[in-house]
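Scroll down for the structure; my scribbles are underneath it.
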Amino acid sequence: FQAQVIDDMTKTLMAGGQIHILDGEEARNTGVISGYIKSRHITGMSISMALGLSLLNNCDVDMEYMMLGGEKLTSFRRTPTRIYNGYGPTEFTVTSSFHLVNQEKDRDIPIGRPVPNTWSFICDENGYPVPDGEIGEICLVGPQLALGYFGQEEKTKKAFVNIPFNSSQNSS
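Quick look at the structure:
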């Protein structure tokens, strides 16, 4: 968990952003968070789905964008803020794909397209891509993919596999 937090903070800072940390109950109070955003002129954020939806549905948040992730994105009150649905497992350093939500049209919101410099495939049980519309398992490839589960060799062997058509990179 700590390594993930440090990685997220590093990416934000390298992109010229700032990190704001609220303590205890402040971090769970949407009124406090909304006021904090306004008072500091915060223009965008990445936030958990539950807290982000609570902010969107209960507060007037004036930001350019909000990236929500961690759970399936459900309906929310329309807002001028651009909403991105972020998807990805922790093993992929959290976000593997994103979708800019069309607030007027999107109902069943997709996980979107892979983040830059990564690939997502839907594969069969042998690790080969399935035809469009077929059911399979998502396989993720990219430089931010973890090397495995620390001290859990069997779990690592099961989840982190080489995909036959791209054996130069591991996937999860």
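Just so you know, my numbering puts 69 at position 69 of the sequence shown, and the rest follows in order with no gaps.
For glycine and all other residues, C-beta sits at the position ideal for the given N, C-alpha and C.
Tell me which same chain residues have a C-beta within less than 6 Å of the C-beta of Ala146, skipping the five on either side of it? One-based indexing of the sequence shown puts residue 146 at position 146. Within the same chain, Ala146 has close Cβ partners Glu91.
Between the alpha carbons of Ala3 and Ile19, how many angstroms are there, rounded? On the sequence shown, position 3 is the one that residue 3 refers to. On the sequence shown, position 19 is the one that residue 19 refers to. Bear in mind that a pLDDT of 47 at Ala3, under 50, signals an unreliable position, so the number given afterwards is only what the model happens to contain. Distance between the alpha carbons of Ala3 and Ile19 is about 16 Å.
Could you pull the DSSP bridge partners for Leu55 from this structure? Taking the sequence shown and counting its residues from 1, one reaches residue 55 at position 55. Bridge partners of Leu55: none, in fact.
Which of helix, strand or coil DSSP assigns to Met14: What you label residue 14 is simply residue 14 of the sequence shown in a count that begins at 1. Helix, per DSSP.
Helix, strand or coil for Gly69? Go by DSSP, reduced to three states. Start at 1 with the first residue of the sequence shown, and residue 69 comes out as number 69. It is a strand residue.
Identify which residue in Leu22, Gly148 and Thr79 has its Cα closest to the Cα of Thr156. Position 156 of the sequence shown, counting from 1, holds the residue named residue 156. Considering only alpha carbons, the answer is Gly148.
To the nearest angstrom, how far is it from the Cα of Asp108 to the Cα of Thr74? For the purposes of this step, residue 108 is taken as residue 108 along the sequence shown, with counting starting at 1. For the purposes of this step, residue 74 is taken as residue 74 along the sequence shown, with counting starting at 1. Each residue's alpha carbon lies about 8 Å from the other.
Alpha carbon to alpha carbon, what distance is there between Ser39 and Gly88? On the sequence shown, residue 88 is found 88 positions in, with the first residue counted as 1. On the sequence shown, residue 39 is found 39 positions in, with the first residue counted as 1. Rounded to whole angstroms, Gly88 to Ser39 spans 31 Å at the Cα level.
By DSSP, does Glu104 sit in helix, in strand, or in coil? Walking along the sequence shown from the start, residue 104 turns up at place 104. Of the three classes helix, strand and coil, the one that applies to Glu104 here is coil, per DSSP.
Measure the alpha-carbon distance for Ile21 versus Ile33 and round it to whole angstroms. Counting from one through the sequence shown, the residue named residue 21 turns up at place 21. Counting from one through the sequence shown, the residue named residue 33 turns up at place 33. Looking at the two C-alpha atoms, the distance is approximately 10 Å.
Taking the DSSP output, what are the residues bridged to Gly86? Here the question's residue 86 lines up with position 86 in the sequence shown. Beta-bridge pairing links Gly86 to Phe98.
Classify Val5 as buried or exposed, calling it buried when 16 or more other Cβ atoms lie within 10 Å of its own Cβ. As a position in the sequence shown, residue 5 is number 5, starting the count at 1. In this predicted model, Val5 has a pLDDT of only 49, less than 50, meaning its place in the structure is not dependable; the value taken from the coordinates is given anyway. Exposed.
Determine the extent of the alpha helix (DSSP H) in which Ser34 is found, giving its start and end residues. As a position in the sequence shown, residue 34 is number 34, starting the count at 1. From DSSP, the alpha helix (DSSP H) with Ser34 extends over Thr30 to Ser39.
On the CB-based measure, 16 or more other CB atoms within 10 Å of its CB, does Met66 come out buried or exposed? Here residue 66 refers to the residue found at position 66 when the sequence shown is read from its first residue. So Met66 counts as buried.
Range of the contiguous alpha helix (DSSP H) that encloses Val154: Numbered from 1 along the sequence shown, position 154 holds the residue referred to as residue 154. For the sequence presented, residue 154 should be read as Glu rather than Val. Bounds of the alpha helix (DSSP H) holding Glu154 are Glu153 to Ala159.
Backbone secondary structure at Glu91 - three-state DSSP: Residue mapping note: residue 91 aligns to position 91 of the sequence shown, counting from 1. In this structure, Glu91 counts as helix in the three-state DSSP scheme.
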